[in-house]
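Peer 1:
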Amino acid sequence: MRRKASFFVILILLSSPLFGAVAFAQVQIRVRVMEASNVGSGFDSSLRDLHDQLGSLFSFSSYRILKDETVSLSLNQSVSLPIPSERSLELTLINQLRVAAEVRVKISRAGRDVLTTLVRLAPGRSVSIGGPKHGESTVIVALSRL
Amino acid sequence: MKKECSSVSKLLEKYFDQEVTHAERSLVEGHLPDCPSCRDVLRSMERLRNFIRTPVEEAVEKEDLPWVWQKIERNIQLEEKRPWWEPVREWLDITPVLKKKVLIPVAVAAVVLILIMAPFLFEKTSSYPDPSVVEYVESETYNVMVYELETPQVTVIWLFEGPEQELSTS
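Protein sequence lines, in the order shown, are assigned to chains H and V. Residue numbers for the first sequence, in the working numbering: 1 to 146. Residue numbers for the second sequence, in the working numbering: 1001 to 1170.
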């Protein structure tokens, strides 16, 4: 009986990488859209991990989170998210390397491409795309692979 | 006398093979000196035994017994050597009905796993590390700057989007 049980444990262990491989076909990207300005001061807690990076590069006094979403990307499938000032952010998984995922990022406004870039996202490393204006603030999009 | 001879002759073979009782032995040994016919029978038995024994002993002497034993031992070991899957199958200890039912899905799962993992296993990897996170960046409308640092790991793409920063597309 114990041997039969151990056999089924082995069977499950053998097939678990299969599920892992299926899950591996999708990439989870955390998208944080923030508004940076010199009006007021403060730093949202959900941006804590980006504090050093943003603080060392920019002189904004306030960083406020507008959107914090996790999207699942399948190969060659696009996911669109609206971002402030009638812009949209489109993410497409182009290639999946051993560690990093190649993601095409497109920011468009009124159907016109404003920016197109291809970035390699590895776990633990984020890429920030900033610059678009939103009133007196500047929009920064931080992409991180989960 | 004849009567005694017939009962003794029945015992002669047993006597020759030393399988008689003490009483039977006394009877035979008491009879033999007086009966040439029974003595002849006994002698012919002895001749026959010698006739068989001599060639057998000669053959045994010629034969290399240690070598024969080694040969037998080797054959026993070969017969005892089990295929590699036998211990696995014994360890799994599944009923004969289950054996086929379980091994087939396991084999199928293994094949599917190999097929799925093959592209990742044989994926081409660069021989040198490429620190660049940004493969390319383009904007037809605005100026773009890419800022990359390895320590600390920082990658920023900055779009200079402002009325005064917009590039002329005309």
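Each residue gets a CB set at the ideal place from its N, CA and C atoms; glycine is no exception.
In whole angstroms, give me the CA-to-CA distance for aspartate 44/H and alanine 1107/V.
Peer 2: 52 Å
Peer 1: Using a C-beta to C-beta distance shorter than 8 Å, which residues of chain V count as neighbours of valine 39/H?
Peer 2: The contacting residues do not exist; valine 39/H stays about 17 Å from chain V at best.
Peer 1: Please confirm if isoleucine 1157/V has its CB atom under 9 Å from at least one CB of chain H.
Peer 2: yes
Peer 1: Excluding five sequence neighbours on each side, which residues of the same chain lie with their C-beta closer than 8 Å to the C-beta of histidine 1031/V?
Peer 2: Glu1004, Cys1005, Val1008 and Cys1038
Peer 1: Let me make sure I understand the geometry here. Which of Ser144/H, Val39/H and Leu146/H has the alpha-carbon closest to that of histidine 134/H?
Peer 2: Measuring from the Cα of histidine 134/H, the nearest candidate turns out to be Val39/H.
Peer 1: Does any CB atom of chain H fall closer than 9 Å to the CB of glutamate 1058/V?
Peer 2: Output row for glutamate 1058/V: interface = no.
Peer 1: Is any beta-carbon of chain V found at less than 9 Å from that of glutamine 28/H?
Peer 2: Chain V contact via Cβ: absent.
Peer 1: Expressed to the nearest angstrom, what Euclidean distance is found between the alpha-carbon atoms of alanine 21/H and isoleucine 1116/V?
Peer 2: A caution first: alanine 21/H carries a pLDDT of 47, below 50, which makes its placement in the model too unreliable to give a value.
Peer 1: Using Cβ-Cβ distances below 8 Å, what residues of the segment 1131-1154 of chain V are close to chain H?
Peer 2: Ser1132, Val1133, Val1134, Glu1135, Tyr1136, Val1137, Glu1138, Ser1139, Glu1140, Thr1141, Tyr1142, Val1144, Tyr1147, Pro1152, Gln1153 and Val1154
Peer 1: For valine 31/H, write down the residues that DSSP places opposite it in a beta bridge.
Peer 2: Glu69/H and Leu143/H
Peer 1: Per the contact definition of three or more C-beta pairs closer than 8 Å, is the segment 1011-1031 of chain V in contact with the segment 116-135 of chain H?
Peer 2: Here the segment 116-135 of chain H does not lie against the segment 1011-1031 of chain V, with fewer than 3 beta-carbon pairs under 8 Å apart.
Peer 1: Determine whether the beta carbon atoms of proline 82/H and leucine 89/H lie at a separation below 9 Å.
Peer 2: In contact: proline 82/H and leucine 89/H (Cβ atoms closer than 9 Å).
Peer 1: Which whole-angstrom value is the C-beta distance of leucine 121/H and isoleucine 29/H, which I expect to be below 8 Å?
Peer 2: The beta-carbon distance between leucine 121/H and isoleucine 29/H, rounded to whole angstroms, is 7 Å. This is short enough to meet the 8 Å contact definition.
Peer 1: Assuming serine 78/H and leucine 91/H form a contact by the criterion Cβ under 8 Å, report the distance between their Cβ atoms to the nearest whole angstrom.
Peer 2: 7 Å
Peer 1: Apart from the five residues just before and just after serine 128/H, which ones in its own chain have a Cβ nearer than 6 Å to its Cβ?
Peer 2: Ile140 and Ala142
Peer 1: For the putative contact between leucine 1159/V and leucine 115/H, defined by C-beta atoms under 8 Å, what is the C-beta separation to the nearest angstrom?
Peer 2: 5 Å
Peer 1: Is aspartate 1015/V helix, strand or coil when you go by DSSP?
Peer 2: Checking the sequence, you will find tyrosine at residue 1015/V rather than aspartate. Three-state DSSP puts tyrosine 1015/V in a helix.
Peer 1: In the DSSP assignment, the beta strand (DSSP E) including glycine 1030/V goes from what residue to what residue?
Peer 2: No beta strand (DSSP E) contains glycine 1030/V, which is instead part of the alpha helix (DSSP H) from 1022-1031.
Peer 1: When DSSP labels each residue in this structure, what does proline 82/H get in the three-state scheme?
Peer 2: strand
Peer 1: Beta strand (DSSP E) containing leucine 1149/V: first to last residue?
Peer 2: Where leucine 1149/V is concerned, the enclosing beta strand (DSSP E) stretches over 1143-1149.
Peer 1: Using the beta-carbon of each residue, which ones in chain V are nearer than 7 Å to lysine 106/H?
Peer 2: Ordered by position in chain V, no residue passes the 7 Å Cβ test against lysine 106/H, which lies about 10 Å from the chain.
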